[in-house]
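Under my numbering, think of the first position of the sequence shown as 108, with each following residue one higher. Every residue, glycine too, gets a C-beta built ideally from N, C-alpha and C. Inspection log for the structure reproduced underneath, given as structure tokens.
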Amino acid sequence: MNEKPADLNKRRNFLKQVAGATSALPFGQGLVGGIAATSLAANAQAPGAAAPPAASPVVGYVCFSQDEAAFVETMVNIMCPADEFTPNGVDCGLPIYIDRQLAGDFGRGSKRYSHGPWQQGKPQQGYQLPMTPEQHFKVGIEAANKACVAKYGKPFDQVAASDGNAFLNDLAAGKVSDPRLPMDAWFNELMYPLFTQACFADPIYGGNYNKVFWKMVGYPGLPATNTVNMVQYRGKPFPGAKDPKSMADFS
Numbered sequence: 108m109n110e111k112p113a114d115l116n117k118r119r120n121f122l123k124q125v126a127g128a129t130s131a132l133p134f135g136q137g138l139v140g141g142i143a144a145t146s147l148a149a150n151a152q153a154p155g156a157a158a159p160p161a162a163s164p165v166v167g168y169v170c171f172s173q174d175e176a177a178f179v180e181t182m183v184n185i186m187c188p189a190d191e192f193t194p195n196g197v198d199c200g201l202p203i204y205i206d207r208q209l210a211g212d213f214g215r216g217s218k219r220y221s222h223g224p225w226q227q228g229k230p231q232q233g234y235q236l237p238m239t240p241e242q243h244f245k246v247g248i249e250a251a252n253k254a255c256v257a258k259y260g261k262p263f264d265q266v267a268a269s270d271g272n273a274f275l276n277d278l279a280a281g282k283v284s285d286p287r288l289p290m291d292a293w294f295n296e297l298m299y300p301l302f303t304q305a306c307f308a309d310p311i312y313g314g315n316y317n318k319v320f321w322k323m324v325g326y327p328g329l330p331a332t333n334t335v336n337m338v339q340y341r342g343k344p345f346p347g348a349k350d351p352k353s354m355a356d357f358s
């Protein structure tokens with residue numbers, strides 16, 4: 108699917124906003140469309156764009172089943188299609204980051220109280236389910252795929268990109284339901300934050316391969332902690348942003 112430069116700029120401007128203010132969640136209907144504003148094709152590339160960098164060398168999933176991996180890979184490619192700025196979400200390593208987070212202490216809920224009693228909470232009370240984040244994530248994918256089959260006759264990884272984009276908007280807007288959990292909270296408060304973290308976290312964690320998102324927004328990586336440079340270059344391009352440094356560069 109060919110895209111107008113204005114449509115691509117909408118997505119890039121949105122990602123820059125996420126980089127500066129990740130607290131803008133949960134979000135309402137249409138924000139997924141801020142990333143894929145015109146139902147971007149999963150592997151679309153802007154006309155004349157250079158060939159994307161090679162995919163991340165980190166391969167293989169620790170947490171995801173085959174069906175779960177297919178769902179997440181399809182989702183990140185719709186939300187982050189290839190263009191002249193970055194490869195698609197899979198080649199940026201986004202599913203690897205999400206998989207590793209869910210397979211680790213975060214996914215196991217190691218710092219969460221998990222002994223109940225489990226009562227129906229109010230929306231403003233946040234997460235109230237007797238599941239670890241990993242279990243929550245997996246149940247949500249199962250429920251989302253079930254709803255996708257009911258609506259489109261096929262699982263999420265097999266629908267057209269435009270339908271997949273519309274389905275993600277429905278998830279975010281609370282138009283998809285399941286008796287086991289609130290699907291809008293699952294998407295807005297678990298799935299989407301993991302996606303944004305995968306984009307902008309240090310590449311040592313698996314996502315943001317080749318520091319593509321840091322380069323896109325002009326973030327220099329660890330040198331950003333240098334107070335003198337932060338004062339000197341506030342509001343100006345920082346020379347080090349052309350070659351960002353991750354934790355791996357200093358190990």
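For residue i, which three-state DSSP category applies?
i, result
"Gly271", "helix"
"Gly167", "coil"
"Lys245", "helix"
"Gly211", "coil"
"Lys382", "Summary: the structure shown does not reach residue 382, with the chain confined to residues 108 through 358, and so no result is reported for it."
"Gly141", "With a pLDDT of 30 at Gly141, under the threshold of 50, the modelled position of that residue is not reliable, and the figure given next carries that caveat. Here Gly141 sits in helix by DSSP."
"Met354", "helix"
"Leu186", "Residue identity check: residue 186 is Met in the sequence provided, not Leu. Looking at Met186 - three-state DSSP - the assignment turns out to be helix."
"Phe178", "helix"
"Pro224", "coil"
"Met337", "helix"
"Lys343", "coil"
Under a Cβ-count criterion, where at least 16 other Cβ atoms within 10 Å of its own Cβ denotes burial, should residue i be classed as buried or exposed?
i, result
"Trp321", "buried"
"Thr334", "exposed"
"Lys343", "exposed"
"Trp225", "exposed"
"Lys349", "exposed"
"Gln227", "exposed"
Can you give me the C-alpha to C-alpha distance between residue i and residue j, rounded to a whole angstrom?
i, j, result
"Ser172", "Asp356", "32 Å"
"Leu299", "Asp206", "First, the amino acid is wrong: residue 299 is Tyr here, not Leu. Whole-angstrom Cα-Cα distance: 14 Å."
"Pro351", "Pro330", "8 Å"
"Ala177", "Ile311", "23 Å"
"Leu278", "Leu201", "20 Å"
"Phe345", "Asn315", "20 Å"
"Glu191", "Ala254", "34 Å"
"Asn184", "Arg215", "26 Å"
"Gln339", "Pro327", "14 Å"
"Pro107", "Pro194", "Since the displayed the chain opens at 108 and closes at 358, residue 107 lies outside it and no answer follows."
"Gly247", "Val319", "29 Å"
"Met337", "Ser217", "35 Å"
Does the beta-carbon distance from residue i to residue j come in below 8 Å?
i, j, result
"Met354", "Asp309", "yes"
"Leu297", "Phe244", "yes"
"Met290", "Ala257", "no"
"Pro237", "Gly223", "yes"
"Gly313", "Tyr204", "yes"
Where does the unbroken alpha helix (DSSP H) through residue i begin, and where does it stop?
i, result
"Leu301", "Tyr299 to Phe307"
"Ala331", "Counting along the chain, Ala331 falls outside any alpha helix (DSSP H), and DSSP gives it neither H nor E."
"Phe320", "Val319 to Val324"
"Asp285", "First-last for Asp285: undefined, no H or E at that position."
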